[in-house]
Amino acid sequence: MLAFLSAGQRSARLRLLKILVPLAFLLGVSDAFAQVTNARFRGTVIDASGSPVAGAQVTMSHDKGLVKKTTETNASGVFVFTGLKVGGPYTLTTVSSGAEPIKNEGISLAAGNNPPFEVAIGGGSGEVETITVTGGRVAPKMSGNVYDAGDIETAPTAQGDLKDVIRFAPDVYLEGDRLYLGGANNRFNSVTIDGIRQDDDFGLNNNGYPSLRSPIPLGAAEEIAVNRSPFDVRYGNFIGGNINVVTKSGSNDLEAGINVVHTNDRWQGQKTKDTDVSSEFEENRVGIHVGGPIIEDKLFYFFAAEALTQTSPNYNGVAGSGASNEASDISAADVARVQDISSRIYGFNAGKVSQSNKAEDLKFLVKFDYEINDSHRLEAKYQSVDGTSVEDGTARSNYLPLTSNWYENKQSLSTVSLRLFSDWDHALSTKVELSTKTTKSNPTPLEGDGFAQMTVALEDGGPEIVLGPDPFRQANELETNTLHFGTEANYLLGSHLITGGIDLDTVDVYNLFGPFSSGTAEFDTIDDFEAQEPSNLYYQNALSNNVDDVAADWGYNVTTIYLQDEYQITPQLTARFGLRTELYSSKGDINYNANFEQRYGFDNRADLDGKQLFLPRAGLSYQAAKRLTFTGGLGIYAGGTPNVWLSNNYSNDGVNIDDVSASSASGFDGRTIPDDLKNQLTAGDGNVDALDPDFELPRNLKFALGAKYGFDLDMLGDFGENWFLESSYTYDQVQQALLWKDLRRDNSQFDNNTANAVAPDGRQIYDTDLDTESGTDFNTRRGYDLLLTNTDKGFSHNLNLTLSKTFMSGFSFSGSYNWQRSEDVNPGNSSRSVSNYGQVAIGTNPNDPGLATSNYERQHRFVFRFGYEQNFLMDLMTSVNLFFERRSGQPFSYTFGGDRDRLGALFGEEREFARRERMLFYVPKGDGSDVILDGIDEAAFNAYLARTGLDEYRGEIAPRNAFKGDWVDNIDLKISQELPGYGDGKAGIALNIQNLPNFLNNKWGQQKNPNFPFTVPVVDVAYDTASGRYIYSDLDENGNDNIEEIRSIWRMQLTAFYRF
1 MLAFLSAGQR
11 SARLRLLKIL
21 VPLAFLLGVS
31 DAFAQVTNAR
41 FRGTVIDASG
51 SPVAGAQVTM
61 SHDKGLVKKT
71 TETNASGVFV
81 FTGLKVGGPY
91 TLTTVSSGAE
101 PIKNEGISLA
111 AGNNPPFEVA
121 IGGGSGEVET
131 ITVTGGRVAP
141 KMSGNVYDAG
151 DIETAPTAQG
161 DLKDVIRFAP
171 DVYLEGDRLY
181 LGGANNRFNS
191 VTIDGIRQDD
201 DFGLNNNGYP
211 SLRSPIPLGA
221 AEEIAVNRSP
231 FDVRYGNFIG
241 GNINVVTKSG
251 SNDLEAGINV
261 VHTNDRWQGQ
271 KTKDTDVSSE
281 FEENRVGIHV
291 GGPIIEDKLF
301 YFFAAEALTQ
311 TSPNYNGVAG
321 SGASNEASDI
331 SAADVARVQD
341 ISSRIYGFNA
351 GKVSQSNKAE
361 DLKFLVKFDY
371 EINDSHRLEA
381 KYQSVDGTSV
391 EDGTARSNYL
401 PLTSNWYENK
411 QSLSTVSLRL
421 FSDWDHALST
431 KVELSTKTTK
441 SNPTPLEGDG
451 FAQMTVALED
461 GGPEIVLGPD
471 PFRQANELET
481 NTLHFGTEAN
491 YLLGSHLITG
501 GIDLDTVDVY
511 NLFGPFSSGT
521 AEFDTIDDFE
531 AQEPSNLYYQ
541 NALSNNVDDV
551 AADWGYNVTT
561 IYLQDEYQIT
571 PQLTARFGLR
581 TELYSSKGDI
591 NYNANFEQRY
601 GFDNRADLDG
611 KQLFLPRAGL
621 SYQAAKRLTF
631 TGGLGIYAGG
641 TPNVWLSNNY
651 SNDGVNIDDV
661 SASSASGFDG
671 RTIPDDLKNQ
681 LTAGDGNVDA
691 LDPDFELPRN
701 LKFALGAKYG
711 FDLDMLGDFG
721 ENWFLESSYT
731 YDQVQQALLW
741 KDLRRDNSQF
751 DNNTANAVAP
761 DGRQIYDTDL
771 DTESGTDFNT
781 RRGYDLLLTN
791 TDKGFSHNLN
801 LTLSKTFMSG
811 FSFSGSYNWQ
821 RSEDVNPGNS
831 SRSVSNYGQV
841 AIGTNPNDPG
851 LATSNYERQH
861 RFVFRFGYEQ
871 NFLMDLMTSV
881 NLFFERRSGQ
891 PFSYTFGGDR
901 DRLGALFGEE
911 REFARRERML
921 FYVPKGDGSD
931 VILDGIDEAA
941 FNAYLARTGL
951 DEYRGEIAPR
961 NAFKGDWVDN
971 IDLKISQELP
981 GYGDGKAGIA
991 LNIQNLPNFL
1001 NNKWGQQKNP
1011 NFPFTVPVVD
1021 VAYDTASGRY
1031 IYSDLDENGN
1041 DNIEEIRSIW
1051 RMQLTAFYRF
């Protein structure tokens, strides 16, 4: 193909257009080149005959004095500037002997590579020719995947979160505080802010950040870019996609502002269709920013900070309280008695039924830019985030967690970075960077720790009151430290821009996770609770009984080397080829487990030491016409998977930790685990998490095509001018993905651990006599040894189409459509191995779930943005912006339900996994040969199968994620009005409304979602030994009717601001 293109003949170009235009618009591309911290600007100077001009002096200067660089064109007439500040406007001045100077003004730069620029110089009149560049970007506002400060300011952003803007990208969607990109796991995305990775790299937070909320004030962002396939070897640490954020800098102009944001429960809806929603809360947020010069043209500063306070109640209540989460089977008297016993007998404050919850968040950043001289520039930044929130428990009719079972979640983030950009001559430039990042998390039970979780039943098997620290917060502390050093060089050699670099990263992790280290006790009655007679006491700890010995103290180093050639074949055609390699070494030791090796024949101490990745990438960009560009590329991407998945192997070695239980622990005081129970802890007898010795680091092959086209519809006059159409297609093919296996399953070294019958659907049956006590035929408490290994199955397709226009009248519009198809084997839903293995719906083999529709697929998504800006009074801006989204629902599976021990015994599952009710539902043939209906009306059952679509799978196991939840609609509105201020200052107010349809009519805007992990039990299942048939009972016809109450009502937020 390169030979074909290099011919440069007109007929060849026409043939190329005939091939590429329909291909790109039928198949489609996201921008195939990278989005990085600073901007790179490359161009060619030609004379009147079109020949390259060597030795021309080219100067790039920021209009606010931030940057000024001068270089010369080489023999090919090519110049390049690297390390430029994002944004602008810039002015490009070109001076060549014998020709008039050319000045190009109004150039705006995006992070990473910008479109090639051509400067044509003419005769020598001696006068400066000034050309204003209209639209430094390829497309108008809120189009594509790059959003500048203006886009960010006008977007409906009620949460003050980066994701409020990112959701405008067609292949992005939000589910609560989770962000999903291109049908991939939200944990596989990378978030970089000024070059520092700020996604949740350890992997405990749902929101994708290492902090409870967005790590920077939204107003501090100069640019936010979304990219799934940057074919540039400088980028790594993601499989899904990258969110790249560049923060603002100070300039010669003093600029400052303050925002005050308020909302409360009076500014929200109270009803969604027939469901009343009561949600008392108040939220206040104050943000400030200031930037300007310390030394004019030399040293600049920028500071931004934001503080948030939020109060919201919990809606738990006892019988008769009318609370949203009413424990209708538990009276106030029952609770009072438990509280009294806890205080009087155990000396522990059990807490209340409910209380108001408070959340706080404080974040700030300070940034300095030092123009040492025209050749060297230094950036320095410090960033800090501290946040707290209360994580409460939710009551159900027969379950009530008191506040001592809740916890306060405390998280912090701090980063420091230095970057030095240097231009050594017109051909060579370098970047050197050093950064550190520290994250801390320390969840604390509200009423203190050092006490067991106690579950008190009102009667044996009856409603339960829970008090004492949640077992997963009894010992839980995390700290991670990341040190990064990187150096990069760019060398212009003719038409080749050679880029090479080395990155050194060291990650240190301290993770104390000691669940059940204070124990969990169950009491059959309140009388038993008062008598200190638990029916079960469960305890897990280090063999030393010192929970600090459970901590995983480990880490790893990554050395990354990359080399790349960006070749400008013609002024219109640019190719990029590169190779990135990453080499891992490990720190910290995993305890050797002799029992594990004896059982399975290999060591449990495998880690990442010596693992290496080779990640080649290639990309093409072709400007077929002034407003028509094609892009494409192919490359391998890796990284971004949570560190906690490796940390599990250091924590759960099965040697240092064991668990025991007792059916009687008379006199238990909640604090002192009986000695006879502690003495039963046995080395090498615990559950194990291990890495496959042949483990390969996850990686995907990405292929992308795309086009951007600006066009006019002359027949429509002014209305038809400057339309933009973008088309993109991305294909991801898994080369190595993650898979968890339970090595104890079907292992004959464990008693009664193999199947002895076959169900009508071909599944293995392990216990055909379920009337016996658990463990007689199959031991559902056998434990588990979980192996983290690989699968080479999985793929995704993404097609994006975007049409956009900005009108002279102040009106702007963009509309996007995304189609995606995504399949995986294990979705990786959680941070713990037991959950990742246990939360995937299963057909016949839990150790190989098979390829199926991904949890993260949303097959169709439509996004529209409408904006209007106008100065109705003086120079005071009025703006109205509306965001509309409609997308396909959540994929889910129909499964079997029932008691965890009975399900476990039936299908050979450890009870930890069986409690998930994850075995996929078998749809009966309908002739009675395979299923007995026990207490289920056959006509009602068949009607249910028809209504849900299950009857399409008669005589089969219903596939995983073959069903979709309701479509989701979101419409948000922002109205902003500037007001007069003092001097050059301007005040203003802004109103954000979320879920506008519900605001207009409470019958609209309702959202429903299948409960996580997106499995819907249909019936309880048993097995009839005599006939070999399933027995179905207790049909649940409403299992998928889950209303997202808070998301289904409107919320309004008022902002007051002042800027100067």
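Per UniProt numbering, residue 1 is the first one in the sequence shown, and the count goes up by one each step. Note that the Cβ used here is the ideal one computed from N, Cα and C, for glycine as well.
Start-to-end residues for the alpha helix (DSSP H) that takes in Thr154: Within the sequence shown, the letter at position 154 stands for residue 154. Counting along the chain, the alpha helix (DSSP H) containing Thr154 begins and ends at 149-154.
Residues bridged to Val338 by DSSP? Position 338 of the sequence shown, counted from the first residue, corresponds to residue 338. Beta bridge pairing from DSSP links Val338 with no other residue.
Given Gly314 as reference, the closest of Ser278, Gln270, Gly236, Val335 once Cα atoms are compared: The count along the sequence shown starts at 1 and reaches residue 314 at position 314. Note that residue 314 is Asn in the sequence shown here, rather than Gly. Of Ser278, Gln270, Gly236, Val335, the residue nearest in Cα terms is Ser278.
Tell me, to the nearest whole angstrom, how far the beta carbon of Ala683 is from that of Leu620; I am working on the premise that it is less than 8 Å. Within the sequence shown, residue 683 is the residue found at index 683, counting from 1. Within the sequence shown, residue 620 is the residue found at index 620, counting from 1. No, Ala683 and Leu620 are not in contact; Cβ-Cβ is about 59 Å, not under 8 Å.
Can you confirm whether the stretch 511-526 touches the stretch 465-477 when touching is taken to mean that 3 or more C-beta pairs between the two stretches lie within less than 8 Å? In short, these stretches touch, since the Cβ pair count reaches three.
Thinking Thr82 and Asn490 are a contact (beta carbons under 8 Å), I'd like their distance in whole angstroms, please. Here residue 82 refers to the residue found at position 82 of the sequence shown. Here residue 490 refers to the residue found at position 490 of the sequence shown. Indeed they touch by this definition, with Cβ atoms about 5 Å apart.
Quick check on DSSP: helix, strand or coil for Met874? By 1-based counting over the sequence shown, the position of residue 874 is 874. The answer is coil: DSSP assigns Met874 none of H, G, I, E or B.
Where does Glu296 land, buried or exposed, given buried means 16+ other C-beta within 10 angstroms? Here the question's residue 296 lines up with position 296 in the sequence shown. By the C-beta density criterion, Glu296 is exposed, having fewer than 16 other C-beta atoms within 10 angstroms.
Coarse secondary structure for Ser279, derived from DSSP in three states: One-based indexing of the sequence shown puts residue 279 at position 279. In this structure, Ser279 counts as coil in the three-state DSSP scheme.
DSSP state of Met715, grouped into three classes? If you number the sequence shown from 1, residue 715 lands on position 715. Here Met715 sits in helix by DSSP.
Classify Leu646 as helix, strand or coil using the three-state DSSP reduction. One-based indexing of the sequence shown puts residue 646 at position 646. Helix.
Beta strand (DSSP E) segment containing Val36, residue limits: Taking the sequence shown and counting its residues from 1, the one referred to as residue 36 is at position 36. Counting along the chain, Val36 falls outside any beta strand (DSSP E), and DSSP gives it neither H nor E.
Host alpha helix (DSSP H) of Asp675 (start-end): The residue given as residue 675 occupies position 675 in the sequence shown. Counting along the chain, the alpha helix (DSSP H) containing Asp675 begins and ends at 675-678.
Do you know offhand how far Ile1049's Cα is from Leu634's? Working through the sequence shown from its first residue, we reach residue 1049 at position 1049. Working through the sequence shown from its first residue, we reach residue 634 at position 634. One alpha carbon belongs to Ile1049, the other to Leu634, and they sit about 44 Å apart.
Rounded to whole angstroms, what is the Cα-Cα separation between Lys741 and Asp503? Sequence index remark: in the sequence shown, residue 741 carries index 741 (1-based). Sequence index remark: in the sequence shown, residue 503 carries index 503 (1-based). Roughly 34 Å between the two C-alpha positions.
With 16 as the cutoff for other CB atoms within 10 Å, does Gln121 come out buried or exposed? Here residue 121 corresponds to residue number 121 of the sequence shown, with the count starting at 1. It should be noted that the sequence gives Ile, not Gln, for residue 121. Ile121 should be labelled buried.
Could you spell out where the beta strand (DSSP E) holding Ile975 opens and where it closes? Position 975 of the sequence shown, counted from the first residue, corresponds to residue 975. Segment 968-980, the beta strand (DSSP E) holding Ile975.
Roughly how many angstroms lie between the CA atoms of Thr70 and Leu573, to the nearest whole one? Numbered from its first residue, the sequence shown carries residue 70 at position 70. Numbered from its first residue, the sequence shown carries residue 573 at position 573. Distance between the alpha carbons of Thr70 and Leu573: 25 Å.
For Tyr538, list the residues DSSP reports as bridge partners. Here residue 538 is taken as the residue at index 538 of the sequence shown, counted from 1. Beta-bridge partners of Tyr538 (DSSP): Thr520, Ser661.
Could you work out which residue in Leu786, Asp508, Ala551, Asn398 is closest to Tyr600 when comparing CA atoms only? Locating residue 600 in the sequence shown gives position 600, where the first residue counts as 1. If we check each option's Cα against that of Tyr600, Leu786 comes out closest.
Just to confirm the assignment, what range does the alpha helix (DSSP H) spanning Asn595 have? As a working note, residue 595 is residue 595 in the sequence shown. Looking at the DSSP string, the run of the alpha helix (DSSP H) that includes Asn595 is 594-600.
Count the CB pairs spanning the stretch 395-413 and the stretch 304-324 that are closer than 8 Å, and state whether there are at least three. Here the stretch 395-413 makes contact with the stretch 304-324; the two share three or more CB pairs at distances below 8 Å.
Taking 7 Å as the CB-CB limit, is Arg782 close to chain C? Within the model displayed, chain C is absent; a lone protein chain is all it includes.
Give the single residue among Gly955, Val390, Phe238 whose Cα lies nearest to the Cα of Asp199. Position 199 of the sequence shown holds residue 199. The shortest C-alpha separation from Asp199 is found at Phe238.
Contact the stretch 207-217 vs the stretch 601-618: 3+ CB pairs below 8 Å: Here the stretch 207-217 makes no contact with the stretch 601-618; the two share fewer than three CB pairs at distances below 8 Å.
Which of the three DSSP states, helix, strand or coil, is assigned to Val923? Counting from one through the sequence shown, the residue named residue 923 turns up at place 923. Coil.
Rounded to the nearest angstrom, how far is the Cβ of Ala307 from that of Val286, given a contact under 8 Å? The residue you call residue 307 lines up with position 307 of the sequence shown. The residue you call residue 286 lines up with position 286 of the sequence shown. Distance from Ala307 to Val286 at the Cβ level is roughly 5 Å; contact confirmed, criterion being Cβ atoms closer than 8 Å.
Pro265, DSSP secondary structure in three states: In the sequence shown, counting from the first residue as 1, residue 265 sits at position 265. It should be pointed out that residue 265 corresponds to Asp in this sequence rather than to Pro. Of the three classes helix, strand and coil, the one that applies to Asp265 here is helix, per DSSP.
Using 8 Å for Cβ pairs, my map puts Glu530 next to Ile345. What's the rounded Cβ distance? For the purposes of this step, residue 530 is taken as residue 530 along the sequence shown, with counting starting at 1. For the purposes of this step, residue 345 is taken as residue 345 along the sequence shown, with counting starting at 1. About 6 Å separates the two Cβ atoms, so the contact holds.
Under a three-way DSSP split, which group does Glu952 fall into? By 1-based counting over the sequence shown, the position of residue 952 is 952. Correct three-state label for Glu952: helix.
Cα-Cα, which of Val390, Leu365, Asp527 is closest to Leu458? Position 458 of the sequence shown holds residue 458. Distance from the Cα of Leu458 is smallest, within the candidate group Val390, Leu365, Asp527, for Asp527.
Contact under 7 Å by Cβ, Gly183 with Gln820: For the purposes of this step, residue 183 is taken as residue 183 along the sequence shown, with counting starting at 1. For the purposes of this step, residue 820 is taken as residue 820 along the sequence shown, with counting starting at 1. For the pair Gly183 and Gln820, the CB atoms are nearer than the 7 Å cut-off.
Grab me the residues of Ala1056's own chain with a C-beta within less than 6 Å of its C-beta, minus the 5 sequence neighbours each way, in chain order. Start at 1 with the first residue of the sequence shown, and residue 1056 comes out as number 1056. Val260, Ile989.
So, with DSSP's three-state summary, where would you put Arg699? Here residue 699 refers to the residue found at position 699 when the sequence shown is read from its first residue. When DSSP states are grouped into helix, strand and coil, Arg699 belongs to the strand group.
Check the C-beta distance from Ala327 over to Leu400 and give it rounded, since I have them as a contact under 8 Å. For the purposes of this step, residue 327 is taken as the residue at position 327 of the sequence shown. For the purposes of this step, residue 400 is taken as the residue at position 400 of the sequence shown. With 8 Å as the limit, Ala327 and Leu400 qualify as a contact, their Cβ atoms being about 4 Å apart.
Does the structure place the stretch 987-1004 close enough to the stretch 266-284 that three or more beta carbon pairs sit under 8 Å? Contact holds: three or more Cβ-Cβ distances are below 8 Å.
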